[in-house]
Amino acid sequence: MAPLLLMRGIEKRFNGIPALSEASLEVERGQVHALIGQNGAGKSTMIKILTGYYTKDAGEIWFNGAPFHVDSPQSAQAGGISTIYQEINLVPYRSVAENICLGRAPRRFGFLDWKRMHREAAEVLANFKLDIDVRQPLSAYTTAIQQMVAIARAVGFEAKLVIMDEPTSSLDDHEVAVLFDVIRRLKASGVAVIFVSHKLEELYAVCDRVTVMRDGRTLLTGTLAGFTKLDLVATMIGRALESVADEQTAFRESEHATDQRTGRRLLAVRNLSVGRKVTSASLQLLAGEIVGLAGLLGSGRTELARAIFGADQPDGGEMEYDGAPFAPRTPAAAITAGIGFCSEDRKFDGVVPDMSVRENLTLALLPQLARAGVVDREKQREVVDRFVQRLLIKCSTSDQPIRELSGDNQQKVLLARWPCMSPRLLILDEPTRGIDVGAKAEIQSLI
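Take a look at the structure:
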């Protein structure tokens, strides 16, 4: 029997730079197929070509036994392909129900049938064990819940193929288990799934086959059980197994290095309350110290971080920063005090898509780079070049629009925005969300 999906000889260039070269992908019916590779390997470009977001320069696509010509995401969806993108692509100020039923809202006598819409949306979310008010705006909920809504919407379509690009990047262990249960049900019903993830342990939990890409080419395809994690990592980064194993050993040893907490107290938070999520939270942070802030979905981690940064105002409690009372009314006040904040949602309140890599990276540094309102471009480029090299950010030039970069590289630019201004306190909310093992090592090294 012919495969459900066959992509063969796919080529794509951006500004003359090859993103895909003779790439291929074959997916069987009723199977979960892992698509993996390092940052910039071409995974997202392959998916965007398949879903009509990009047009291929060469190659052929067959789907469900026939040539597949797709020119827009709508035509891909109509053809039986549903996609969950790494970046949440919903409408935050519309209700949860409207987002789930977007493009297929039930009608009665020509008008929207709100009662039926709310009922159907609640039924879809029940499959994910998610009990929320579907009439509330999507923006009222955390990024993790928004991610589950995006997944529920995609699975709700009667698709033959569901593409999941980093679907677990914002989810806790319980939510991941629920998602995997849904994937297994899709598989049992004959639906195929393309699963993109940098978390290799997840692949072995749910995937049947794997395709590895590097530098825009397909290097390996086969049954996942036939490869070890080291096999996959070595293929992704193009180095020998022995080299990868040595690096992992060195990294584990570095995790147990001598404690570096030698500074005085920089931040103290006492009995802080923020809305309904944070009640009487307290913590302290020493200069030169890295403090992990952990908790389950909805536990208030992000809300606490935003309050420290001045993005949200606390309802009670107090903060002390550098030995003095601290109550920033705005993010600008926190930045002036030397505090940086890397948000968990780079699309909504992180990158500015129509601006260049250079402009995005130095956004918080502009007051220091400008004189009489004019930016010193030479100094700006020196800063950008230094961090592009340090974090191995892949871009054609620093003037390239950031929207053209892969998700990994966008995350690196967003992270570099704050160290470049030499902050005294850096708050990182899920800084390695949705990025590959190589990029994680670079970010961990910077931290």
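2 is the number of the first residue of the sequence shown in my numbering; add one for each residue after it.
Beta carbons are placed, not taken as given, at the ideal position from N, Cα and C, and that holds for glycine.
The model shown is predicted, which means the values in this text are computed figures rather than measured ones.
In the DSSP assignment, what are the bridge partners of residue i?
{"i": "M320", "result": "V270"}
{"i": "C343", "result": "L429"}
{"i": "L221", "result": "V213"}
{"i": "A325", "result": "Y322"}
{"i": "F181", "result": "Bridge partners of F181: none, in fact."}
{"i": "H34", "result": "I195 and R210"}
{"i": "W63", "result": "L7 and P68"}
{"i": "T84", "result": "I164"}
{"i": "E379", "result": "In the DSSP output, where bridge partners are listed per residue, E379 has none listed."}
{"i": "I18", "result": "F15"}
{"i": "P402", "result": "S357"}
{"i": "A282", "result": "L273"}
{"i": "E27", "result": "L7"}
On the premise that residue j lies in contact with residue i, defined as a C-beta separation below 8 Å, what is that separation, rounded to the nearest angstrom?
{"i": "V376", "j": "L367", "result": "6 Å"}
{"i": "R347", "j": "Q411", "result": "6 Å"}
{"i": "L187", "j": "V234", "result": "Rounded, the Cβ-Cβ distance is 28 Å, inconsistent with contact."}
{"i": "T212", "j": "L7", "result": "In fact, because the Cβ distance is near 12 Å, the residues do not count as touching under 8 Å."}
{"i": "M2", "j": "L26", "result": "Actually they do not touch by this definition, with Cβ atoms about 17 Å apart."}
{"i": "E319", "j": "R271", "result": "5 Å"}
{"i": "A306", "j": "F342", "result": "7 Å"}
{"i": "D232", "j": "V197", "result": "D232 to V197, Cβ: 18 Å. No contact."}
{"i": "V1", "j": "L225", "result": "No answer is possible for residue 1: the residues shown for the chain start at 2 and end at 448."}
{"i": "S399", "j": "R359", "result": "4 Å"}
{"i": "K44", "j": "K13", "result": "With a Cβ gap of about 12 Å, K44 and K13 do not count as contacting."}
{"i": "N16", "j": "S281", "result": "Contact flag wrong, Cβ pair sits at about 53 Å."}
Report the rounded CA-to-CA distance for residue i versus residue j, giving the unit in angstroms.
{"i": "P424", "j": "V414", "result": "16 Å"}
{"i": "D134", "j": "M214", "result": "41 Å"}
{"i": "A365", "j": "A334", "result": "12 Å"}
{"i": "R265", "j": "V292", "result": "14 Å"}
{"i": "G296", "j": "R218", "result": "39 Å"}
{"i": "T144", "j": "G374", "result": "36 Å"}
{"i": "Q78", "j": "V384", "result": "43 Å"}
{"i": "K116", "j": "L172", "result": "29 Å"}
{"i": "V150", "j": "E202", "result": "24 Å"}
{"i": "D72", "j": "Y55", "result": "8 Å"}
{"i": "Q381", "j": "A312", "result": "26 Å"}
{"i": "S344", "j": "E431", "result": "8 Å"}
{"i": "E124", "j": "E290", "result": "46 Å"}
{"i": "E321", "j": "P329", "result": "11 Å"}
{"i": "T84", "j": "D132", "result": "23 Å"}
{"i": "A417", "j": "R372", "result": "22 Å"}
{"i": "L204", "j": "F110", "result": "46 Å"}
{"i": "F112", "j": "S407", "result": "40 Å"}
{"i": "M422", "j": "A67", "result": "54 Å"}
{"i": "T433", "j": "V353", "result": "19 Å"}
{"i": "L126", "j": "P168", "result": "16 Å"}
{"i": "A141", "j": "R277", "result": "12 Å"}
{"i": "R108", "j": "A160", "result": "22 Å"}
{"i": "V389", "j": "E443", "result": "12 Å"}
{"i": "C65", "j": "L298", "result": "According to the sequence provided, residue 65 is Asn. The question's Cys does not apply to it. For N65 and L298, the distance between alpha carbons rounds to 38 Å."}
{"i": "A24", "j": "Y94", "result": "38 Å"}
{"i": "H34", "j": "K200", "result": "14 Å"}
{"i": "P74", "j": "K49", "result": "9 Å"}
Report yes if the C-beta distance between residue i and residue j is below 9 Å; otherwise report no.
{"i": "A193", "j": "L5", "result": "yes"}
{"i": "I11", "j": "I62", "result": "yes"}
{"i": "R136", "j": "V97", "result": "yes"}
{"i": "V275", "j": "Q314", "result": "yes"}
{"i": "T52", "j": "I82", "result": "yes"}
{"i": "F310", "j": "P332", "result": "yes"}
{"i": "A206", "j": "F228", "result": "no"}
{"i": "D216", "j": "A59", "result": "no"}
{"i": "Q32", "j": "R185", "result": "no"}
{"i": "L268", "j": "L426", "result": "yes"}
{"i": "S170", "j": "Q87", "result": "yes"}
{"i": "A122", "j": "I101", "result": "yes"}
{"i": "V176", "j": "F129", "result": "Looking at the sequence shown, residue 176 is not Val but Glu. Taking 9 Å as the Cβ cut-off, E176 and F129 qualify as a contacting pair."}
{"i": "L429", "j": "I448", "result": "yes"}
{"i": "G223", "j": "R30", "result": "no"}
How would you label residue i, buried or exposed, when you count the other beta carbons within 10 angstroms and need 16 or more for buried?
{"i": "I164", "result": "buried"}
{"i": "S357", "result": "buried"}
{"i": "N40", "result": "buried"}
{"i": "H119", "result": "buried"}
{"i": "G104", "result": "exposed"}
{"i": "H70", "result": "exposed"}
{"i": "L284", "result": "exposed"}
{"i": "T337", "result": "exposed"}
{"i": "E256", "result": "Residue placement at E256 is flagged as unreliable, the pLDDT there being 46, under the threshold of 50; the coordinate-derived value follows with that caveat. Result: exposed."}
{"i": "D316", "result": "exposed"}
{"i": "L139", "result": "buried"}
{"i": "G38", "result": "buried"}
{"i": "F252", "result": "A caution first: F252 carries a pLDDT of 46, below 50, which makes its placement in the model unreliable, though a value can still be read off. Result: exposed."}
{"i": "R302", "result": "buried"}
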